[in-house]
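K.L.:
Quick note: to get the numbering used here, add 179 to the position in the sequence shown (first position is 1). Encoded as structure tokens, here's the structure I'll be asking about.
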Amino acid sequence: MKDKISLLFINLLTVALILAFVNFFSNKIVDIYFIKTADTGGDRSYLINYANDKDFAKIHFKELSEGSTLQYSPTVGWSRIPVEYKTFHVDANGYRIDPTPVDYKPNSKSFYFFGGSTMWGYGVRDNETIPALFSSISGIPSYNRGEIGYTSRQLLDQFINVLVTGDKIDAAVFYDGVNDIYVSCDSHFKIGDNLKTNSIRSAAILAKRTDVLVLNLINRIFFDGTRKLAGEILRPLSDPKIESGKTKSTDGYYVCDNLPERAQKVAERLIKDWEIAHDIAEAEGVKFIAVLQPVASIGNPKLDHLKFPELDRELLLQYKFVYPLIKDIIQDRGYDWILDYTDIFSRNEYIYTDFAHVSKNGNLIVAKQLYNDILKLPAGEWGSGVAGERENEIVERNS
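Here it is, written out as structure tokens:
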């Protein structure tokens with residue numbers, strides 16, 4: 180009897196080990212061949228953008244991988260934990276800061292900048308972010324409220340958070356568009372979701388149910404990876420949207436190019452978030468500016484230094500379908516408070532480091548253009564006569 184029990188135990192243990200082994204390598208295969216690669220991971224120090232700054236780039240991307248721990252944050256979903264690294268600093272509130280002192284003009288207005296990873300400053304020093312460079316150019320106090328992965332709805336929530344804390348804010352700048360399409364054109368999300376919607380929802384359920392927690396742990400160890408791999412392999416057999424010449428991991432992943440109604444809803448949702456933010460700003464006496472941010476598939480940027488995998492190319496295609504819809508809405512409604520920067524990097528210069536992120540020269544282009552555009556708006560008197568005076572200082576600080 181004992182021998183039979185021992186044999187049964189050995190057999191069960193063997194099966195469990197085989198299942199865990201297959202599940203582990205299935206997860207690895209999914210990560211390598213199916214999961215989208217256009218994210219904020221990876222070392223980009225080899226790019227020509229960093230040819231004269233390789234030491235910084237190597238340290239920066241290493242620190243990003245080490246210091247990207249997130250924490251739950253009400254209303255916005257997540258924020259970054261405080262860190263002090265050589266290439267970036269995050270304060271106790273989870274905001275990226277520029278510790279370099281800047282001489283502000285007397286009685287200066289305060290600008291708050293909201294956006295995703297491009298506004299946060301992925302790939303650049305603290306003093307090379309858009310807010311920091313704008314501050315150097317204008318002499319206006321500027322505060323970075325960007326966070327990696329944030330969508331327009333999260334920017335709206337972040338803006339409201341700033342208002343309710345009573346911080347002095349005279350102008351708000353939303354630099355937006357890329358993440359809304361990145362998420363809402365992804366077939367795994369609903370329109371209006373953010374990158375962490377599914378994981379936060381699952382965590383909330385698990386926190387209340389111990390039995391589900393145990394089952395989820397078993398699933399992750401033995402079955403989840405295998406099931407995901409099988410789903411990706413079988414996707415072409417069940418997905419009628421996949422066209423000739425496109426693989427199972429591309430056309431079924433991003434769908435705005437195939438679903439005009441969804442593309443239209445994504446565009447309208449972005450504009451609606453901006454409209455609400457604009458109305459709130461007006462009610463609070465805050466000047467509001469939204470910027471439709473550039474992306475590598477729009478305009479004629481220099482991209483011969485980059486290689487885009489198939490799934491990234493499918494992602495870039497989504498912007499060609501949704502961005503024109505956004506522009507049409509802006510034009511139809513006559514919104515002069517929305518600036519179109521989608522073509523700003525169409526020049527013979529290496530700027531992009533992937534599908535949306537840029538090196539410091541790109542941020543400087545945006546900061547200069549933004550300040551020049553602001554001078555043309557009613558807010559122009561806030562910094563009149565300062566544009567261009569600090570450009571030498573910028574070069575020195577970032578050399």
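Note that beta-carbon positions come from the ideal geometry of N, C-alpha and C, so glycine has one too. Because the structure is a prediction, the values reported are computed rather than measured.
Work out the CA separation of A456 and I360 for me, nearest whole Å.
P.N.:
Cα-Cα distance, rounded: 19 Å.
K.L.:
So, helix, strand or coil for I421, using DSSP?
P.N.:
A caution first: I421 carries a pLDDT of 36, below 50, which makes its placement in the model unreliable, though a value can still be read off. Residue state, collapsed to three classes: coil.
K.L.:
How long is the line joining the alpha carbons of N437 and Y283, rounded to whole angstroms?
P.N.:
Roughly 50 Å between the two C-alpha positions.
K.L.:
Taking the Cβ atom as the reference point for each residue, do A446 and V357 lie within a distance shorter than 7 Å?
P.N.:
No. Outside cutoff.
K.L.:
Which residue marks the beginning of the alpha helix (DSSP H) containing A311, and which one marks its end?
P.N.:
Note, A311: alpha helix (DSSP H), I309 to S317.
K.L.:
At which residues does the beta strand (DSSP E) containing K351 begin and terminate?
P.N.:
Checking the sequence shown, residue 351 turns out to be Ala, not Lys. Element bounds for A351: A350 to D355.
K.L.:
Between the alpha carbons of S317 and S366, how many angstroms are there, rounded?
P.N.:
For S317 and S366, the distance between alpha carbons rounds to 42 Å.
K.L.:
V343: buried (16+ other C-beta within 10 angstroms of its C-beta) or exposed?
P.N.:
Burial call: exposed.
K.L.:
Taking just the CA atoms, how far does Y433 sit from K425?
P.N.:
Note that K425 has pLDDT 45, beneath the 50 cutoff, so the model's placement of it is unreliable and no number is given.
K.L.:
Taking one C-beta from the stretch 339-354 and one from the stretch 478-490 each time, how about it: are there three or more such pairs within less than 8 Å?
P.N.:
Flag = no, the stretch 339-354 and the stretch 478-490 do not touch.
K.L.:
Report the partner residues of W257 according to the DSSP bridge assignment.
P.N.:
DSSP output for W257 lists Y251 as bridge partner(s).
K.L.:
Does the stretch 506-514 come close enough to the stretch 535-555 to have 3 or more Cβ pairs within less than 8 Å?
P.N.:
Taking 8 Å as the limit for Cβ pairs, the verdict is that the stretch 535-555 does not touch the stretch 506-514.
K.L.:
Is it buried or exposed, F188, if we count other Cβ atoms within 10 angstroms and call 16 or more buried?
P.N.:
Exposed is the call here.
K.L.:
May I have the straight-line CA-CA distance separating F401 from Y529, to the nearest angstrom?
P.N.:
Roughly 45 Å between the two C-alpha positions.
K.L.:
For I517, name the three-state secondary structure that DSSP assigns.
P.N.:
Strand at I517.
K.L.:
Does G328 pass the burial test, meaning 16 or more other C-beta atoms within 10 Å, or should it be called exposed?
P.N.:
So G328 counts as buried.
K.L.:
Hey, quick one: how far does the alpha helix (DSSP H) through A469 stretch, first residue to last?
P.N.:
Premise fails: A469 lies in the beta strand (DSSP E), K466 to L471, not in any alpha helix (DSSP H).
K.L.:
With three or more C-beta pairs closer than 8 Å as the rule, is the stretch 454-473 touching the stretch 491-499?
P.N.:
No contact exists between the stretch 491-499 and the stretch 454-473.
K.L.:
If you drop the 5 nearest sequence neighbours on each side, which residues of the same chain put their C-beta closer than 7 Å to that of T254?
P.N.:
These residues qualify, in order along the chain: D336 and N340.
K.L.:
Looking at the structure shown, is I477 part of a helix, part of a strand, or coil, going by DSSP?
P.N.:
If DSSP states are grouped into helix, strand and coil, I477 belongs with coil.
K.L.:
Does K215 come out as helix, strand or coil in the three-state DSSP assignment?
P.N.:
Here K215 scores only 40 on pLDDT, less than 50, and its place in the model should not be relied on; the value that follows carries that caveat. Correct three-state label for K215: coil.
K.L.:
Determine the direct distance from the alpha carbon of K241 to that of V470, and round the result to whole angstroms.
P.N.:
C-alpha separation (whole angstroms): 30 Å.
K.L.:
What ranges does the alpha helix (DSSP H) occupy inside the stretch 502-558, keeping only unbroken runs of at least 4 residues that lie completely in it?
P.N.:
With a minimum length of 4 residues, the continuous alpha helix (DSSP H) runs that stay inside the stretch 502-558 are 539-555.
K.L.:
Along the alpha helix (DSSP H) that carries S296, what are the first and last residues, could you check?
P.N.:
Run containing S296: S296 to W299, per the alpha helix (DSSP H) assignment.
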